[in-house]
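Q: As you go down the protein sequences, you meet chains A and B in turn. The numbering of the first sequence is the working numbering, which starts it at 1149 and goes up by one. The numbering of the second sequence is the working numbering, which starts it at 356 and goes up by one. Each residue gets a CB set at the ideal place from its N, CA and C atoms; glycine is no exception. Since the structure is predicted, the reported quantities are computational estimates derived from the model, not experimental observations. Would you mind keeping the following structure in view while I ask a few things?
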Amino acid sequence: MAGLHKSEFANPVINWIDTRLPVFTMLQKEYGVFPTPKNFNYFWNFGALAMVNLMIMIATGIFLAMNYQPNSELAFDSVQHIMRDVNYGWLIRYVHQNGASMFFIVTYIHIFRGLYYGSYKSPRELLWMMGVVILLLMMATAFMGYVLPWGQMSYWGATVITNLFSAFPVVGPKIVTLLWGGFSVDNPTLNRFFALHYLLPFVLIGVVFLHIAALHVVGSNNPLGIDVKTPQDTLPFHPYYTIKDSVGMCVYLIVFAILVFFAPNFLGDPNNFIPANPLQTPADIVPEWYFLPYYAILRSVPNKLLGVCLMFASILVLFVLPWLDTSRVRSARFRPIYRQLIWVWVAAFIGLGVCGAHKPEGVWVILSRVCTLYYFLHFLVILPLLGKLERPLALPESISQPVTGGRGGGPLPSGATTKPMEKA
Amino acid sequence: MRALRSLMAGIFAAGLLAAPVLASEEAPHPPAQKWSFGSVFGTYDLASAQRGFQVYSEVCANCHSMRLLHYRDLAGIGFSPEQIKAIASNVTVPMGIDDQGAPKEGKGTPASKFRSPFPNDNAARAANGGALPPDLSLIVNAREGEYDYIFALLTGYAEPPAKFAMQDGMNYNKYFPGHQIAMPKPLSDGQVTFADGTSASVEQMSRDLVMFLTWAANPEMVERKQMGVRIVLFLILMTGLTYAVKRKIWADVH
Chain A
1149 MAGLHKSEFA
1159 NPVINWIDTR
1169 LPVFTMLQKE
1179 YGVFPTPKNF
1189 NYFWNFGALA
1199 MVNLMIMIAT
1209 GIFLAMNYQP
1219 NSELAFDSVQ
1229 HIMRDVNYGW
1239 LIRYVHQNGA
1249 SMFFIVTYIH
1259 IFRGLYYGSY
1269 KSPRELLWMM
1279 GVVILLLMMA
1289 TAFMGYVLPW
1299 GQMSYWGATV
1309 ITNLFSAFPV
1319 VGPKIVTLLW
1329 GGFSVDNPTL
1339 NRFFALHYLL
1349 PFVLIGVVFL
1359 HIAALHVVGS
1369 NNPLGIDVKT
1379 PQDTLPFHPY
1389 YTIKDSVGMC
1399 VYLIVFAILV
1409 FFAPNFLGDP
1419 NNFIPANPLQ
1429 TPADIVPEWY
1439 FLPYYAILRS
1449 VPNKLLGVCL
1459 MFASILVLFV
1469 LPWLDTSRVR
1479 SARFRPIYRQ
1489 LIWVWVAAFI
1499 GLGVCGAHKP
1509 EGVWVILSRV
1519 CTLYYFLHFL
1529 VILPLLGKLE
1539 RPLALPESIS
1549 QPVTGGRGGG
1559 PLPSGATTKP
1569 MEKA
Chain B
356 MRALRSLMAG
366 IFAAGLLAAP
376 VLASEEAPHP
386 PAQKWSFGSV
396 FGTYDLASAQ
406 RGFQVYSEVC
416 ANCHSMRLLH
426 YRDLAGIGFS
436 PEQIKAIASN
446 VTVPMGIDDQ
456 GAPKEGKGTP
466 ASKFRSPFPN
476 DNAARAANGG
486 ALPPDLSLIV
496 NAREGEYDYI
506 FALLTGYAEP
516 PAKFAMQDGM
526 NYNKYFPGHQ
536 IAMPKPLSDG
546 QVTFADGTSA
556 SVEQMSRDLV
566 MFLTWAANPE
576 MVERKQMGVR
586 IVLFLILMTG
596 LTYAVKRKIW
606 ADVH
């Protein structure tokens, strides 16, 4: 029995299992004693929160699927049946509906954390790219999920977004027919979107697993952006970060609960309370709030194909970000110019979101063009040049012994989020 | 850099300020009313909702369906099982198909869906000059401005301004987008007689009707808010405890 795993667990049952299938050893290694930089601020909660959110979505989604009818004649009423007649159906549905918004809030903050502290840089490029795949899968899943209630905005949103693919020459119309399963958005579209909406979250779990596996190989980045040098720089994941993530999770649940219980339709569109009607186009077709920035990029140029390409490029550019950013300093704390420009980029992204919510007229066209321009300039021109031109501040020697006075003093981890003892 | 940052912030702020200006060109914003269900602890005024149901049954139900509601749902605005039985049995509802294959009708039961005034959309259009009276089950949620908008619409009928060109068969309403609505002024003073002696002014009837329609669209609201208060209080306590434990665990880290 040469290959038998030597388990260190005292409990005989656990030991018996662990000897044959070392899941307990693995958990202990990856989540128990896993060495984690000791200087995380609360921005490092958001990965765990996204994981929790995914589980909430899958759990509520399965129960919704038990009562939902993916048929264009029945879908709208079956959702109302869930809201009115199924025991606590309204709770499950509102958690699922607002869970999508919470998922994007959490994920966008998680991505911002990566951008601000340079988490995408070597050796975490693949980890970052896996994250971009997760974002794309999330978007596809959310889009198809929004179609399922078969309200006016579901129907017309699906029509507008699927039609975008028709902009591609030659294959475009074929792709659209394939997406629709016919020649307009109709029952076959709803059927396949439901099937895919149920499938993709499980694909998502797979990619999330790879994302975490890669993280546990290269280790976490940290607010200083410097490598872990000695064991003094780290803490075991449990109990230090299990409890810190729990604090973040409680706050996250409060925000979630306020949304679900007191403003469940705040982020929704009134038009989706009207059953889908192919003969009547709503005055304004707007996607869900989390897609508004990309929608604004799409509409910022008068050419449909160019708009579609720009929209896809706005996500795809993230794949090559690790190579576009030529600076070897990770954390924005030590990059005086980048620390400013990342906020300009955030302003441009939020600006695009605001533009996306308005008809493309007058000032909104100009604003969305300015913001689109900066969005791409930031990644394609500024970051490659900045790495060469910017003079970073002196980096601390190690996480446990930062150089005195050398800390960049980023505007982020202020107030309650960072207590002196955590800065290390 | 700082200049660039403040410029971006300025553009962003200008965008936010411009938003309501652009929106208000279409129709005036419905004035906010005070509603019993407005606050975090708010509940439906059941007497008002019951009067609203009476207004719906006697006035609106001649043209508007509420196909997502069953008579049994009326327990949610405080009707007793006996009252619900009586209400349902006064209504003739479709009962499927009889042994000869002809459509059958019969007395409603609490399990029946609200009776629709027209058998289908085409019949509804034909009887209303081509306009389809929308189903009212979700109307409060389905309109920008929600309950305030519905109240404003019901009380917003007026003579058109001097130079306003009205189409044939349309009616002027201050709050309807485009101001021309196919529905004639539905309510007039004293149109219904309330059993509890409440005077049936247009404003009172509109208020009661909106109370009823808001309940119809969100029957779970009271239970939802009450559950929410308890859950949020629990979570705040939980956050405090978790944070205290976190401080204790981290106390030895330097």
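Going along the chain, which residues of the stretch 1517-1543 of chain A sit with their C-beta nearer than 9 Å to a C-beta in chain B?
A: Within the stretch 1517-1543 of chain A, the qualifying residues are V1518, C1519 and Y1522.
Q: For B/G524, which of helix, strand or coil comes out of DSSP?
A: It is coil, neither helix nor strand.
Q: So B/Q546 and B/M566 are supposed to be a Cβ contact under 8 Å. How far apart are they, rounded?
A: No, B/Q546 and B/M566 are not in contact; Cβ-Cβ is about 17 Å, not under 8 Å.
Q: Is any beta-carbon of chain B found at less than 7 Å from that of A/P1387?
A: It does: the Cβ of A/P1387 has a partner Cβ on chain B nearer than 7 Å.
Q: Would B/R406 be called buried (16 or more neighbouring beta carbons within 10 Å of its own) or exposed?
A: With 16 or more Cβ atoms within 10 Å of its Cβ, B/R406 is classed as buried.
Q: Give a yes or no on whether the minimum CB-CB distance between B/V587 and chain A is below 7 Å.
A: It does: the Cβ of B/V587 has a partner Cβ on chain A nearer than 7 Å.
Q: Could you confirm whether any beta carbon from chain A is found closer than 7 Å to the beta carbon of B/R579?
A: Closer than 7 Å to some Cβ of chain A, the Cβ of B/R579 qualifies, so yes.
Q: I want to see whether chain A comes within less than 7 Å of B/Y598, judged by CB atoms only; does it?
A: Closer than 7 Å to some Cβ of chain A, the Cβ of B/Y598 qualifies, so yes.
Q: Taking only beta-carbon atoms, is B/M421 less than 7 Å away from chain A?
A: Judged by the 7 Å Cβ criterion, B/M421 is not in contact with chain A.
Q: Could you check how far apart the C-beta atoms of B/P436 and B/P449 are, in whole angstroms? I think they sit under 8 Å.
A: At roughly 23 Å, the Cβ-Cβ gap does not stay under 8 Å, so B/P436 and B/P449 are not in contact.
Q: Could you tell me the distance, in whole angstroms, from the CA atom of B/H609 to the CA atom of A/I1547?
A: Using only the alpha carbons, I get a separation of about 11 Å.
Q: If we define contact as Cβ-Cβ less than 7 Å, is B/N483 a contact residue for chain A?
A: Judged by the 7 Å Cβ criterion, B/N483 is not in contact with chain A.
Q: In chain order, what residues of the same chain lie with their CB nearer than 8 Å to the CB of B/F506, ignoring the 5 residues before and after it?
A: Cβ neighbours of B/F506 beyond the five flanking positions: P385, Q388, S561, R562 and V565.
Q: Where DSSP assigns a beta bridge to A/G1299, which residues make up the other side?
A: According to DSSP, A/G1299 bridges with A/P1423.
Q: So with CB distances below 8 Å, who are the chain B contacts of A/F1341?
A: Residues of chain B passing the Cβ test: none, with the nearest at roughly 22 Å.
Q: Anything in chain A within Cβ reach of B/R470, meaning under 8 Å, just list it in chain order.
A: Under the 8 Å cutoff, chain A gives no residues; its nearest Cβ is about 17 Å from B/R470.
Q: Could you check which residue in A/V1449, A/F1385, A/V1355 and A/I1353 has the C-alpha nearest to that of A/S1368?
A: Checked all of A/V1449, A/F1385, A/V1355 and A/I1353; the closest Cα to A/S1368 is A/F1385.
Q: Mind listing the chain B neighbours of A/I1402? Cutoff is C-beta to C-beta under 8 Å, in chain order.
A: Those within 8 Å of A/I1402 in chain B are V587, L590, I591 and T594.
Q: Hey, could you find the ends of the alpha helix (DSSP H) A/M1174 is sitting in?
A: V1171 to L1175 is the span of the alpha helix (DSSP H), which, as asked, contains A/M1174.
Q: Put B/K440 into one of helix, strand or coil per three-state DSSP.
A: Reduced to three states, the DSSP call for B/K440 is helix.
Q: Using CA atoms only, rank isn't needed, just tell me which of A/K1536, A/I1514, A/L1284 and A/I1204 is closest to A/P1450.
A: When each option's Cα is compared against that of A/P1450, the closest is A/I1514.
Q: Rounding to the nearest angstrom, what Cα-Cα distance links A/A1306 and A/L1222 in this structure?
A: The alpha-carbon atoms of A/A1306 and A/L1222 are separated by roughly 18 Å.
Q: Compare the C-alpha of B/S467 against each of B/Q455, B/G456 and B/T447 and name the closest.
A: Considering only alpha carbons, the answer is B/T447.
Q: For A/W1471, is the classification buried or exposed, using 16 other Cβ atoms within 10 angstroms of its Cβ as the cut-off for buried?
A: A/W1471 comes out exposed.
Q: Since A/C1503 contacts A/W1512 with CB under 8 Å, what's their CB separation in whole angstroms?
A: A/C1503 to A/W1512, Cβ: 5 Å. Contact.
Q: For the beta strand (DSSP E) containing B/P539, list its first residue and its last residue.
A: That residue, B/P539, is in no beta strand (DSSP E); it is neither H nor E in DSSP.
Q: Report the option in B/C415, B/L592 and B/F392 whose CA atom is closest to the CA atom of B/V540.
A: Checking the sequence, you will find Lys at residue 540 of chain B rather than Val. That would be B/C415, whose Cα lies nearest to the Cα of B/K540.
Q: Nearest to B/G500 by CA position, among B/F531, B/I439 and B/A486, is which residue?
A: Per the Cα distances, B/F531.
Q: Kindly indicate the opening and closing residues of the beta strand (DSSP E) around A/P1608.
A: Outside the displayed span of chain A (1149 to 1572) sits residue 1608 of chain A, for which this structure offers no information.
Q: Would the C-beta of A/V1494 count as close to the ligand SAH, meaning under 6 Å from any of its heavy atoms?
A: For the ligand SAH, the structure offers nothing, since it holds no ligand at all.
Q: Nearest by alpha-carbon distance to A/R1539: which of A/Y1486, A/T1167, A/I1323 and A/V1403 is it?
A: It is A/Y1486 whose Cα lies nearest to the Cα of A/R1539.
Q: Note down the Cα distance separating B/K462 from B/A443, rounded to an integer number of angstroms.
A: Cα to Cα, the separation comes out at about 7 Å.
Q: Tell me whether the stretch 1174-1185 of chain A and the stretch 1367-1383 of chain A touch, counting them as touching only if at least three CB pairs, one residue from each stretch, are closer than 8 Å.
A: Yes: the two stretches touch, three or more of their Cβ pairs being nearer than 8 Å.
Q: Taking its Cβ as the centre, do 16 or more other Cβ atoms sit within 10 Å of B/D544, making it buried, or is it exposed?
A: Under this definition B/D544 is an exposed residue.
Q: Can we say the stretch 1401-1421 of chain A touches the stretch 1429-1439 of chain A, given the rule of at least three CB pairs closer than 8 Å?
A: Counting Cβ pairs under 8 Å, three or more are found: they touch.
Q: Using three-state DSSP, classify A/Y1264 as helix, strand or coil.
A: It is helical.
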